[in-house]
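Novice:
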Amino acid sequence: MIVLRTMLFTPGNNMRMIYKAGGLGADAIILDLEDAVPISEKETARLFVRDGIDSLSEQKFMVLVRVNALGTGLTEEDCNWAVREKTAGIVLPKTESPEDISCIVRLIEKEEDEKGIPAGRVRLVPLLETARGVLAAEKILNADSRIIAVAFGGLDYARDMGIDSEDRGAGLFLPRAQIAQVACAAGISAIDTPYIDVHDIDGLRRDAESAAGLGFRGKLLIHPRQIASVNDVFSPSREALEYARKVVESFQKARDRGLGAVSLDGKMIDAANFKQATDLLALNDECD
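Read left to right, the sequence shown gives residues -4 to 283 (my numbering).
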């Protein structure tokens, strides 16, 4: 089980921030070669990202790299620096089709082959940021076995749609729900869009709780101060864990007696409830 409650963007052109990211408590660090890096600093950022991957990857969290979108002409050279033995994955922005997945996979495969990296070692997280990308989500997520999660870029999606990017309700509800549902069907994690106001921790928590209610398993972050609250939202609560343990114990006893269901606190518990409870307990073990 891959736990990606918090995925923190870190500018690839700031080595101090790259090294500092290692001790912040996020489940994954995304070294950014795209939006956070001006065009004049792309080459420097590639050098820093290469060194940062080797430095950070010895720690518990995952290290991924967001490359520039395929239409920029920068992606191939980004992959040359970003695909390394210890790179956990590539984040592909502006993903809009399964053909985009095929293209980035070819670039990754080329680097793996040339550098002697085991085939398939470097995984993939498509970032859906346009109406086309959201509508093609099912085809995108089933395009290649390297895909371990899908992320939603709400700000760029709102720009594409010409809607208010601050509206976290109606404007983003449909794409969020669709992405979460398709991710569940594909057996991967859905990661929610960043919350832009880094000072509004209460708003961040409400936004993360809304995403969790739709089936998201984590959130993209743009500032370290967002990590603790989001980790908390996407981790099982003490009450949920206590109930899950009761479900497991009760169902196992019922199964030993040859029963397929049992009553617990006035509710019927069956195999589906048992699986949900065991999954929650397994998630908690990974979060520790």
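The C-beta atom is built at its ideal place from N, Cα and C for all residues, glycine as well. Please read these numbers as outputs of a predicted model, since none were measured by experiment.
Alpha carbon to alpha carbon, what distance is there between Gly198 and Asp49?
Specialist: Cα-Cα distance, rounded: 35 Å.
Novice: Check whether the Cβ atoms of Val100 and Ala77 lie closer than 8 Å to each other.
Specialist: No, these two residues do not count as a Cβ contact at 8 Å.
Novice: Under the three-state reduction of DSSP, which class applies to Leu199: helix, strand or coil?
Specialist: Of the three classes helix, strand and coil, the one that applies to Leu199 here is helix, per DSSP.
Novice: How about Asp108: is its Cβ closer than 7 Å to a heavy atom in the ligand NAD?
Specialist: With respect to the ligand NAD, the structure shown offers nothing to examine, as it has no ligands at all.
Novice: Does Gly213 come out as helix, strand or coil in the three-state DSSP assignment?
Specialist: Strand.
Novice: Taking just the CA atoms, how far does Arg252 sit from Lys223?
Specialist: A small correction: the amino acid at residue 223 is Ala; Lys does not occupy that position in the sequence shown. Approximately 43 Å between the Cα atoms of the pair.
Novice: In or out: Ser97 buried (at least 16 other Cβ within 10 Å) or exposed?
Specialist: Counting Cβ neighbours within 10 Å, Ser97 comes out exposed, since fewer than 16 surround it.
Novice: Provide the residue(s) that pair with Thr82 in DSSP beta bridges, ordered along the chain.
Specialist: Per DSSP, none; premise fails for Thr82.
Novice: Taking just the CA atoms, how far does Leu130 sit from Ala172?
Specialist: If I take the Cα positions, the gap works out to 12 Å.
Novice: Looking at Val86: is its Cβ nearer than 8 Å to the Cβ of Ala146?
Specialist: Contact: yes.
Novice: Under 8 Å by Cβ, that's how I've got Ala144 and Val120 pegged, so tell me the actual separation to the nearest angstrom.
Specialist: Indeed they touch by this definition, with Cβ atoms about 5 Å apart.
Novice: According to DSSP, Val257 sits in a beta bridge with which residue or residues?
Specialist: In the DSSP output, where bridge partners are listed per residue, Val257 has Ile264.
Novice: Between which two residues does the alpha helix (DSSP H) harbouring Ala64 extend?
Specialist: That residue, Ala64, is in no alpha helix (DSSP H); it is neither H nor E in DSSP.
Novice: Quick one: what's Ser184 bridged to in DSSP?
Specialist: Bridge partners of Ser184: Ala144.
Novice: Tell me which same chain residues have a C-beta within less than 8 Å of the C-beta of Ile103, skipping the five on either side of it?
Specialist: Result list for Ile103: Cys74, Val78, Ile85, Val117, Leu119 and Arg141, in chain order.
Novice: Give me the Cα-Cα distance between Ser92 and Leu169, rounded to the nearest whole angstrom.
Specialist: If you take the alpha carbons of Ser92 and Leu169, they lie about 19 Å apart.
Novice: Which of the three DSSP states is assigned to Ala88 in this structure?
Specialist: This sequence places Pro at residue 88; Ala is not what is there. Note: Pro88 maps to coil in three-state DSSP.
Novice: Rounding to the nearest angstrom, what Cα-Cα distance links Glu107 and Glu72 in this structure?
Specialist: Each residue's alpha carbon lies about 14 Å from the other.
Novice: Have a look at Ala256, Asp202, Asp95 and Glu38 and flag the residue whose alpha-carbon is nearest the alpha-carbon of Leu123.
Specialist: Residue Asp95 is the option with its Cα nearest to Leu123.
Novice: Whole angstroms is fine: what's the gap from Asp227's alpha carbon to Lys134's?
Specialist: Approximately 32 Å, taken between the alpha carbons.
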